[in-house]
Amino acid sequence: MTDMRSEDTGVGGLGYDPAFAADVAAGLGAENKRLHSRYFYDADGDRLFQAIMASPEYYLTDCEYEIFERQGDVIARSLAVAGALEIDELGSGDGHKTRLLLDALHRNDAAFTYRPIDISANSLRMLSRRLRKTRPWLKMKPIHADYVQLLNSGELPPSAPTGPHRVILFLGSNLGNYTQAEALRFLRLVRGTLHNRDALMIGLDLQKDPAVIKAAYNDAAGNTRAFNLNLLSRINRELGGNFELSNFFHAPEYDAGSGAARSFLVSRKTHDVHIAALGRDFHFLEGERIFTEISQKYSRAQIAGLAAGAGFRVGREYYDSRHYFTDQIWYPV
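At position 129 of the sequence shown (counting the first as 1) the number is 129 in my numbering, and the numbers step up by one without a gap.
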């Protein structure tokens, strides 16, 4: 499968991703400015996200790691009950947690092919080197793509009623990067690729003490701050922007009522920013915000509603010891 991203030549021969340019133009040109979180993950963003996951405040990775480490064999037996598997992971990253599940499947004699799908070529290279070096038994077919575009375009066609069973992995609470309405649309796209005998394994962050959640998105070492500001650095590097990073600060918020954790970059002063690839200036007022990310935290009622609304039933549920996080197997209805 081909790379979903392409390059074009911009102002002065500047090479750039036209989809990135179009999204930046639309987002910064909107009344309520925003930048899409999918663009966090260039090489610098990948490095910073690794640092976030290693920070003591960021509990999500440790919780999901614990689930796979302690319950991996039980999960593997649940997934492999129907025979050979095709495992497609949406947003695979570097495979830090997934490798535990792959190892459990191998220990339990499951026959499977692993297809990691990620927008970051750098992450796929890291994952491929790590897994191929240490797991010669693994059948792996990496796909460099934006998985949303992959689903929208139909390049991930519905699975066949015969042959391997498809298991889609969507881990790390990646669903939380969507609003409720967006999450429902996305899950329905996923449902459209699955036959009734297939499954979706999804990781979801649960609602908990707001202080725990706030700290996770504003770590003391400043990794999350740098991760958000890297979006502006990426615009400078790839689109010829002249953002001064010191003119913005990272501002996370958490609404305990809805469970939505949101991140913003806030302008410290009134000023203009020029982006060469777009051939235009963008005006920022003092205190004006750029919305960069939502990280939804779910109640059990919200989870049940999403599953049912997208055409799934919740099958099996697995939790970490603190019940901060859940990985669940959903089956198509």
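Positions of the beta carbon are idealized from the N, C-alpha and C atoms, including for glycine.
Quick check: the Cα distance between Y65 and A199, rounded to an integer number of angstroms?
Just so you know, the alpha carbons of Y65 and A199 end up roughly 21 Å apart.
Do three or more CB pairs link the stretch 248-260 to the stretch 27-39 at distances below 8 Å?
At 8 Å Cβ cutoff, the stretches do not touch.
Contained beta strand (DSSP E) runs [length at least 3] in the stretch 82-147, N- to C-terminal order
You should have 85-90 and 112-118.
Proximal residues to R99 (C-beta, below 8 Å), its chain only, five neighbours per side dropped
Cβ within range, chain order: R130, L131 and R135.
Return the bridge partner residues of V273 from the DSSP annotation.
F282, per the DSSP bridge assignment.
To the nearest angstrom, how far is it from the Cα of Y319 to the Cα of M201?
Straight-line Cα distance between these residues: approximately 13 Å.
From L151 to T193, what does the alpha carbon distance come to, in whole angstroms?
Their Cα atoms are separated by approximately 8 Å.
Can you look up Y217 in the DSSP assignment and give me helix, strand or coil?
Note: Y217 maps to coil in three-state DSSP.
Give a yes or no on contact between the stretch 270-288 and the stretch 168-179, applying the rule of three or more CB pairs nearer than 8 Å.
Taking one beta carbon from each stretch, the stretch 270-288 and the stretch 168-179 have fewer than 3 pairs nearer than 8 Å; the two do not touch.
Where A216 and G163 are concerned, what is the direct C-alpha to C-alpha distance, given to the nearest angstrom?
Their Cα atoms are separated by approximately 42 Å.
Go through its chain and collect everything with a Cβ distance to M1's Cβ below 7 Å, but skip five positions before and after it.
At M1, the pLDDT of 31 sits below 50, so the modelled position is not reliable; the number obtained from the coordinates is stated separately. Correct list, in chain order: I143, A145 and E155.
Within the chosen definition, does the stretch 55-63 reach the stretch 300-316 through at least 3 CB pairs nearer than 8 Å?
Under the 8 Å Cβ criterion, the stretch 55-63 does not count as touching the stretch 300-316, having fewer than three qualifying pairs.
8 Å Cβ cutoff met for L245 and L232
Yes.
Work out the CA separation of S299 and T292 for me, nearest whole Å.
Near 23 Å, if we compare the C-alpha coordinates of S299 and T292.
Let me check understanding here. Comparing Cα to Cα, which of N218, A310, A160 and A111 lies closest to V335?
This structure gives no information on residue 335, because the portion of the chain shown stretches from 1 to 333.
Residue from E238, V167, H283 and W330 with nearest C-alpha to P18:
Out of E238, V167, H283 and W330, E238 has the C-alpha closest to the C-alpha of P18.
Give me the residue from V74, L90, I75 and G72 with the minimum Cα distance to L369.
Coverage of the chain is limited to positions 1 through 333, which leaves residue 369 absent and any answer about it impossible.
Outcome for N242 when other beta-carbon atoms lying within 10 angstroms are tallied against a minimum of 16
N242 is exposed by the Cβ-count criterion.
Please go through the same chain and pick out, in chain order, the residues whose beta-carbon is closer than 6 Å to the beta-carbon of R289, but skip the five residues on each side of it.
Result list for R289: F264 and V266, in chain order.
Same chain, Cβ closer than 7 Å to S78, neighbours up to 5 away in sequence not counted:
Non-local C-beta neighbours of S78 in its own chain, meaning closer than 7 Å and more than five positions away in sequence, comprise R316 and I329, ordered along the chain.
Cβ separation of A23 and H36, assumed to be a contact under 8 Å, to the nearest whole Å
Ala is not the amino acid found at residue 23; the sequence shown has Asp there. The Cβ separation is near 5 Å, so the contact holds.
Buried or exposed by the 16-neighbour rule on C-beta atoms within 10 Å, applied to Y324:
Around the CB of Y324, 16 or more other CB atoms lie within 10 Å, so the residue is classed as buried.
Rounding to the nearest angstrom, what Cα-Cα distance links A21 and K297 in this structure?
Their backbone Cα atoms lie some 30 Å apart in a straight line.
Going by DSSP, what residues sit across from D255 in a beta bridge?
D255 pairs with A260.
Mapping DSSP to helix, strand and coil, what is N196?
Coil, per DSSP.
Using CA atoms only, rank isn't needed, just tell me which of D42, A307 and G240 is closest to A277.
Cα-wise, what sits closest to A277 is G240.
Taking the alpha-carbon of Q71 as reference, which of A221, K97 and P210 has the nearest alpha-carbon?
For Q71, the closest C-alpha among the options A221, K97 and P210 is that of K97.
Segment limits, alpha helix (DSSP H) that includes L169
No alpha helix (DSSP H) holds L169; the beta strand (DSSP E) holding it covers H165 to F170.
Length of the line joining the Cα atoms of H259 and P161
The sequence shown places Gly at residue 259, rather than the His named in the question. Going by the C-alpha atoms only, they are around 38 Å apart.
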